[in-house]
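>
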Amino acid sequence: MAVVLLVEDDHTLGMTLEVALRGEGHELHWCPNLKTAREALVLHSPDLVLLDLGLPDGDGLELCRELRADGSIIPIVVLTAQGTIHARVDGLDAGADDYVTKPFELQELLARVQAQLRRKRWHGAGERAVLG
Ligand code: CA
54 MAVVLLVEDD
64 HTLGMTLEVA
74 LRGEGHELHW
84 CPNLKTAREA
94 LVLHSPDLVL
104 LDLGLPDGDG
114 LELCRELRAD
124 GSIIPIVVLT
134 AQGTIHARVD
144 GLDAGADDYV
154 TKPFELQELL
164 ARVQAQLRRK
174 RWHGAGERAV
184 LG
């Protein structure tokens with residue numbers, strides 16, 4: 054089980070992802086804009102962020118850059134309709150770990166989320182080993 058922060062203003066997609074991620078046993082916090090997402094990051098210390106780019110109060114990549122500038126290594130999976138090569142490169146440059154273009158298959162998204170969470174756990178285990 055992981056704590057997932059979903060930042061998505063599309064109600065239908067948000068509902069679908071909420072049901073799917075809870076179904077996988079994750080604790081989900083769903084925020085429809087950047088302002089509430091920033092609050093939820095502090096409040097819930099999520100293990101992973103699912104981040105839409107076109108949000109009512111700004112670009113999701115702003116949040117991505119802020120987190121990386123703060124030294125956060127939290128896995129970030131970007132969800133967006135902007136599927137051009139240019140947009141993908143911008144997303145990865147901003148510090149996203151993965152990029153899923155809408156419309157996507159739910160199964161593929163869930164598999165990508167699991168892959169990122171696995172990598173995070175390995176990283177965590179490595180840190181503990183180093184610290185002894
Ligand atoms: Ca949107």
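Using this note's numbering, the first residue of the sequence shown is number 54, and each one after it goes up by one. In this text, a Cβ means the ideal position worked out from N, Cα and C, and glycines have one as well. Keep in mind that this is a model prediction, so the values were computed, not measured.
#1: Buried or exposed: Q169, going by 16 or more other Cβ atoms within 10 Å of its Cβ?
#2: Should L108 be counted as a contact of ligand 1 given a C-beta to heavy atom distance under 7 Å?
#3: Using only the heavy atoms of ligand 1, determine whether one of them is closer than 7 Å to the beta carbon of H62.
#4: Check whether the Cβ of D112 sits closer than 7 Å to any heavy atom of ligand 1, and report yes or no.
#5: What three-state label does DSSP hand G69 in the structure shown?
#6: By a C-beta neighbour count over all protein chains shown, 10 Å radius and 16 as the cutoff for buried, is L159 buried or exposed?
#7: What alpha helix (DSSP H) runs, 4 residues minimum, are completely inside the region 65-124?
#8: Using only CA atoms, which one of A140, I126 and S125 lies nearest to L132?
In brief:
#1: Q169 should be labelled buried.
#2: In this structure, L108 has its CB closer than 7 Å to one or more heavy atoms of ligand 1.
#3: The amino acid occupying residue 62 in the given sequence is Asp; His does not appear at that position. The beta carbon of D62 sits closer than 7 Å to at least one heavy atom of ligand 1.
#4: D112 has its CB no nearer than 7 Å to any heavy atom of ligand 1.
#5: The sequence shown places Thr at residue 69, rather than the Gly named in the question. The answer is helix: DSSP assigns T69 an H, G or I state.
#6: When all chains shown are included, L159 counts as exposed.
#7: When DSSP assignments are scanned along the region 65-124, the uninterrupted stretches of alpha helix (DSSP H) that are 4 or more residues long and fall wholly within it turn out to be 87-97 and 113-122.
#8: The shortest C-alpha separation from L132 is found at A140.
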